[in-house]
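S.K.:
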Amino acid sequence: MTHPLLDAYARTDTTLPAPTVQSHAANLTVLPGGDVGCVWFGGTQEGMADISVWFSRLAPGGMVWTDPVRLSEDPTRSEQNPLLFPTPSGALWLLHTAQRGGDQDTAEVRLRVSHDGAGSWDATRTLFPATPGDGGVFVRQPPVVLPTGRLLLPVFRCVVTPGVKWSGDLDTSAVMISDDEGGTWREEPVPGSTGLVHMNVHRLPDGSLVALFRSRRADHVHRSVSLDDGDTWSDPEPLALPNNNSSIQYVPLADGRLALVYNHSSAADATARRVSLYDEIDDSGALATGEEAGATAVKQAPSAAFWGAPRAPLSLALSSDAGRTWPLRADLVTGDGHCLTNNSRDGVNRELSYPSIVQSPDGALHIAYTHHRKVIRHIRLGPRGR
1 MTHPLLDAYA RTDTTLPAPT VQSHAANLTV LPGGDVGCVW FGGTQEGMAD
51 ISVWFSRLAP GGMVWTDPVR LSEDPTRSEQ NPLLFPTPSG ALWLLHTAQR
101 GGDQDTAEVR LRVSHDGAGS WDATRTLFPA TPGDGGVFVR QPPVVLPTGR
151 LLLPVFRCVV TPGVKWSGDL DTSAVMISDD EGGTWREEPV PGSTGLVHMN
201 VHRLPDGSLV ALFRSRRADH VHRSVSLDDG DTWSDPEPLA LPNNNSSIQY
251 VPLADGRLAL VYNHSSAADA TARRVSLYDE IDDSGALATG EEAGATAVKQ
301 APSAAFWGAP RAPLSLALSS DAGRTWPLRA DLVTGDGHCL TNNSRDGVNR
351 ELSYPSIVQS PDGALHIAYT HHRKVIRHIR LGPRGR
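Mapping the sequence shown onto UniProt numbering, position 38 (from 1) lands on 38, and the numbers just tick up by one.
1) Assuming Arg311 and Ser353 make a contact with CB atoms under 8 Å, what is their CB distance in whole Å?
2) Compute the distance between the beta-carbons of Trp121 and Arg110, then report whether it is under 8 Å.
3) Which residue wins for smallest C-alpha separation from Gly347, given the options Gly135, Asp255 and Lys374?
4) Just confirm the distance between the C-beta atoms of Val155 and Asp105, as a whole number of angstroms; I'd bet it's less than 8 Å.
5) Here's a check: name, in chain order, each residue in its chain whose Cβ is nearer than 8 Å to the Cβ of Ala267, leaving out the five neighbours to either side.
6) At the level of alpha carbons, what is the spacing between Thr161 and Gly101?
7) Which residues does DSSP pair with Gln359 in a beta bridge?
8) What is the C-beta distance between Ala118 and Leu212, in whole angstroms, given that I count them as a contact (C-beta under 8 Å)?
9) Along the beta strand (DSSP E) that carries His222, what are the first and last residues, could you check?
10) Ignore the nearest five residues each way along the sequence and tell me which others in Asn342's own chain have a CB closer than 6 Å to its CB.
11) Would you call Met176 buried or exposed, if buried means 16 or more other Cβ atoms sit within 10 Å of its Cβ?
12) Kindly indicate which three-state DSSP category Pro383 falls into: helix, strand or coil?
13) What did DSSP end up calling Asp269 once you bin it into helix, strand or coil?
14) Would Ser315 and Asn263 qualify as a contact pair, given that the criterion is a beta-carbon distance under 8 Å?
15) For a test of the three-state rule: what should DSSP assign to Pro74, helix, strand or coil?
16) Of the choices Leu170, Pro147 and Leu151, whose alpha-carbon is the least far from that of Gly133?
17) Need the endpoints of the beta strand (DSSP E) that Val109 sits in, please.
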């Protein structure tokens, strides 16, 4: 490695086994015992009813992930955006969404619980149903546990205009708050968050909560702050970092800095755009036939969701000022990031997207990401000399 940001690390790359045609939306966590756990969704294509949640784990220092285990199987819904959460009580939660076809406004959040470190799981139950008028509810980022025991779970609402198919234009962010270990929840919306999703929250040493957001408009990463344990939030403001209407994730490091993984691109880098995320799924929930989506420019309002901006390069950035600026940046994986279609079968998608990042107890950074919508790949950046 020649980049100063990366020279401090020894890098190893692994690929997770892929039991399905498509693999996407990985999320990492450090499991009790030190293994790194990864969940993602896989099936034929996002939005199809055969999309399910899969799980694999990697032992400390290991190079081979375990054979994937399917953790969800609803034949009527597309089960997406999984995440793992080791609770303070010792239980392990699996949270994921479940929607009908390409209609994210029908999404609900489901929960499974393991009491033996992912060896076995309780039955799935619905934690947050879709609410008429409020839209479907989605998760992407892990919960946060505050010193008081309060749980904060970032969500976003997939809102539609009556009679109009979901497009993402009106999505808004909120936090679900529980003060009784998940027994009951209340929802606190983030003001000014229309078009901002995938809210990623962490508590910093000064007690503030800092949230970063993906932008449906494919313009910039946005930032919001709470000074009262999540009860209220500032209006999100754009950072100098670009965003391409794709997922981001950050984590506080042991040395006090923040590490962010994202695509350093935006709508300004796009030569074409898609109509929507689910161009290829018809009203019956089946794959539609036809030419590749996004081949023509679509005139939409400036505030509309922008689909099709390149999902590459995959970048790592560091901040020393609570996420206000990110002066240190290096590209981890490069490519053209072509994503005018979700098609994995024909190999026409080349995105390097939806990164997840954790730091293990040995100081290593673990990053998982979607590679061309076919497999999940993993990068371990281990501190040199350890």
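For every residue, glycine included, the Cβ atom is placed at its ideal position computed from N, Cα and C. A quick note: this is a predicted structure, and the numbers were derived from the prediction, not measured.
M.R.: Let me spell this out:
1) 4 Å
2) no
3) Lys374
4) Actually they do not touch by this definition, with Cβ atoms about 14 Å apart.
5) Arg217, Ala218, Asp219, Asn244, Asn245, Arg273, Phe306 and Ala309
6) 18 Å
7) Leu365
8) Their Cβ separation, rounded to whole angstroms, is 28 Å, which puts Ala118 and Leu212 out of contact at 8 Å.
9) His220 to Ser226
10) Gln45 and Glu46
11) buried
12) strand
13) helix
14) yes
15) Reading off the sequence shown, one finds Asp at residue 74, where the question assumed Pro. Residue state, collapsed to three classes: coil.
16) Leu170
17) Asp103 to Ser114
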